[in-house]
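Chains as they are written, first to last, in our numbering: chain A, 5 to 118; chain B, 7 to 117.
Even for Gly, the Cβ is constructed at its ideal location relative to N, Cα and C.
Here's the structure, in C-alpha cells; my notes come after.
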Amino acid sequence: KAGVTQTPRYLIKTRGQQVTLSCSPISGHRSVSWYQQTPGQGLQFLFEYFSETQRNKGNFPGRFSGRQFSNSRSEMNVSTLELGDSALYLCASSFRGTSTDTQYFGPGTRLTVL
Amino acid sequence: TQLLEQSPQFLSIQEGENLTVYCNSSSVFSSLQWYRQEPGEGPVLLVTVVTGGEVKKLKRLTFQFGDARKDSSLHITAAQPGDTGLYLCAGAAFNTDKLIFGTGTRLQVFP
C-alpha cells in the first residue's frame, strides 16, 4: 500500500505570493489533516477534512484554507504569504479521523518565504 | 488553550544508557499518542494509550499514561543510535477529538 504523498517537497516563495500544497492520502482513507511544524511553535493543527467537509479547524488566520476532493486528495492554500509562514507543512491521513485512529503522515512540504 | 509540555527538550546520550521523556499538561485527554520523527520525514506513530494508568511496551520502549490522564512518560532501555529522532507526544481533546502535539524532545544517541 502506497504511503501518504505530498507535493511539492520543497518550495520557495516571496512575501505576498500565494501557494498551494497537495496531499494524496493512503488509498481508502477518508480523513486528511494538515499541520504546520516550526522550530519555535512545534507541530500545530491547521484543519481536518473528512469526505470533502472541513470537520475541525485550528487557530490559524483565514489566509490558510483547504479543500478535499471526492477522491480524498486534499490541497491547502496560503494566500498573502508572510515570512512567518516558513515551515514544514505535514499532512496526515487516517480511515475515520478519530483521535484513536492511526494517522499516517507524509514527508511534508518545506516552504520557505523570502 | 491546552498545552503539552515535554521534558527534556534535548537529550544527548551514549549507546546503552536508559532515558525517560516526560509529557505533561494541566488538561485531561481522552487518549495520548507518542510519535517519532526522523529528519526529512513525517512523524510515525509508536503507540496510543487510552486508559488512565495504562502501561504499554514496545520492545525497549515503555509508555505510561498517568492515572489522571494529564501526563505520560516514555522510557527507553539501553538506547541505540537507531533511536535518534524527535519524540512527540500528542493528546486528544475530549471536546473536539483533535490532536494537540507536545513541544517535542530531540534525542541523539551516540555509538
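7 Å Cβ cut-off: residues of chain A touching residue i
i       : result
L67(B)  : Residues of chain A passing the Cβ test: none, with the nearest at roughly 17 Å.
L105(B) : F49 and S103
V56(B)  : T104
Rounded separation between residue i and residue j - CA only
i       : j      : result
P49(B)  : Q43(B) : 4 Å
R75(B)  : S32(B) : 10 Å
S78(B)  : E21(B) : 24 Å
F109(A) : S97(A) : 7 Å
L105(B) : A99(B) : 7 Å
G66(A)  : T42(A) : 19 Å
Y41(B)  : C95(B) : 6 Å
L80(B)  : N24(B) : 11 Å
G88(A)  : T18(A) : 11 Å
T109(B) : S31(A) : 31 Å
Neighbour list for residue i in chain B, Cβ cutoff strictly below 9 Å
i       : result
T57(A)  : Those do not exist, as T57(A) stays about 15 Å from chain B at its closest Cβ, beyond 9 Å.
F109(A) : Y41, Q43, E47, G48, P49, V50 and L51
Residue(s) in a DSSP beta bridge with residue i
i       : result
G97(B)  : L38(B) and I106(B)
E52(A)  : S37(A) and N60(A)
T111(B) : Y93(B)
V50(B)  : R42(B)
A74(B)  : DSSP output for A74(B) lists no bridge partner at all.
Proximal residues of chain B, C-beta to C-beta of residue i below 7 Å
i       : result
L94(A)  : G48
E52(A)  : K104
G112(A) : G48
7 Å Cβ cutoff met for residue i and residue j
i       : j       : result
D73(B)  : I82(B)  : no
G46(A)  : F107(B) : yes
Q10(A)  : C95(A)  : yes
P45(B)  : P87(B)  : no
L85(A)  : R114(A) : no
G62(A)  : F49(A)  : yes
G97(B)  : L52(B)  : no
R112(B) : A84(B)  : no
E47(B)  : P111(A) : yes
I16(A)  : T106(A) : no
F55(B)  : F71(B)  : The sequence as given places Val at residue 55(B); Phe does not occur at that position. Yes, the pair counts as a contact, with Cβ atoms nearer than the cut-off.
F51(A)  : G20(A)  : no
Amino acids of chain A, ordered along the chain, whose beta-carbon sits closer than 9 Å to that of residue i
i      : result
V34(B) : Neighbours of V34(B) on chain A: none; closest Cβ ~13 Å, over 9 Å.
G22(B) : Here the premise fails: no neighbours, minimum Cβ distance about 29 Å.
L94(B) : G46 and L47
heavy atom of the ligand NAP below 6 Å from residue i C-beta
i      : result
T90(B) : The ligand content of the structure shown is nil, which means the ligand NAP is not present either.
Contacts of residue i in chain A (Cβ-Cβ under 8 Å)
i       : result
A74(B)  : Within 8 Å Cβ-Cβ: nothing; A74(B) doesn't reach chain A, min ~18 Å.
T109(B) : G46
Exercise for the section: Say whether the stretch 10 to 17 of chain B touches the stretch 54 to 72 of chain A, bearing in mind that this needs 3 or more beta-carbon pairs closer than 8 Å, one atom from each stretch. Expected result: no
Problem - Any 3 or more C-beta pairs closer than 8 Å across the stretch 71 to 82 of chain A and the stretch 19 to 33 of chain A - result: yes
Practice task
Give a yes or no on contact between the stretch 100 to 117 of chain A and the stretch 31 to 47 of chain A, applying the rule of three or more CB pairs nearer than 8 Å.
Solution key: yes
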